[in-house]
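In our numbering, the protein residues as written are 57 to 192.
Note that beta-carbon positions come from the ideal geometry of N, C-alpha and C, so glycine has one too.
All values reported here derive from a predicted model rather than from experimental measurement.
Below: one structure, written as structure tokens.
Quick look at the structure:
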């Protein structure tokens with residue numbers, strides 16, 4: 057079992073994608089949208105990550121107001137999984153519950169607490185600097 061964890065950094069507007077395998081992935085099991093997990097699970101000690109959403113292996117979105125780890129067909133008027141072009145239009149859509157289980161493929165998170173080291177250094181990503189062009 058493994059998850060693709062997308063970490064959003066609200067300070068610089070960037071998102072980082074990490075594969076959480078086996079032991080790291082097991083730290084996410086049983087959690088739900090809105091819970092906070094220690095950044096140690098994805099190699100970011102000192103950081104706190106808040107789960108904001110995700111999708112299952114078939115691409116159905118996790119929905120905060122649907123309890124449980126299963127997929128269900130629900131009648132929705134808007135929000136996650138359905139955006140109507142007309143006001144008041146409702147539709148039955150298949151969405152996944154808010155609990156993280158083995159059939160979840162992607163977990164979206166946001167950095168809540170910061171550690172000492174910068175994110176790029178912990179993840180092994182070169183910081184993006186200003187590129188200089190030589191026009192001579």
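Can you have a look at residue 150 and say buried or exposed, based on whether 16 or more other CB atoms are within 10 angstroms of its CB? exposed
Who are residue 70's beta bridge partners in DSSP? 65
Is residue 189 helix, strand or coil by DSSP? Because the pLDDT of residue 189 is 49, which lies under 50, any placement of that residue in the model is unreliable, and the number read from its coordinates should be weighed accordingly. Coil, per DSSP.
Flag residue 169 as yes when its Cβ comes closer than 8 Å to any non-hydrogen atom of the ligand HEM, and as no otherwise. Although the ligand HEM was asked about, the structure shown includes no ligands whatsoever.
So, do the stretch 151 to 163 and the stretch 107 to 117 have three or more beta carbon pairs nearer to each other than 8 Å? yes
According to DSSP, simplified to helix, strand and coil, what is residue 132? strand
Beta-carbon gap between residue 82 and residue 100 smaller than 9 Å: no
From which residue to which residue does the alpha helix (DSSP H) around residue 82 run? 78 to 82
When you compare only the Cα positions, how much space is there between residue 75 and residue 163? 10 Å
Going by DSSP, what residues sit across from residue 155 in a beta bridge? 88
Between the C-alpha atoms of residue 196 and residue 137, what's the straight-line distance to the nearest angstrom? With the chain covering 57 to 192 only, the question about residue 196 has no answer from this structure.
Return the residue from the list 105, 146, 161 that minimises the CA-CA distance to residue 134. 146
Quick check: what's the CA-CA separation for residue 180 versus residue 131? 44 Å
Provide the residue(s) that pair with residue 169 in DSSP beta bridges, ordered along the chain. 104
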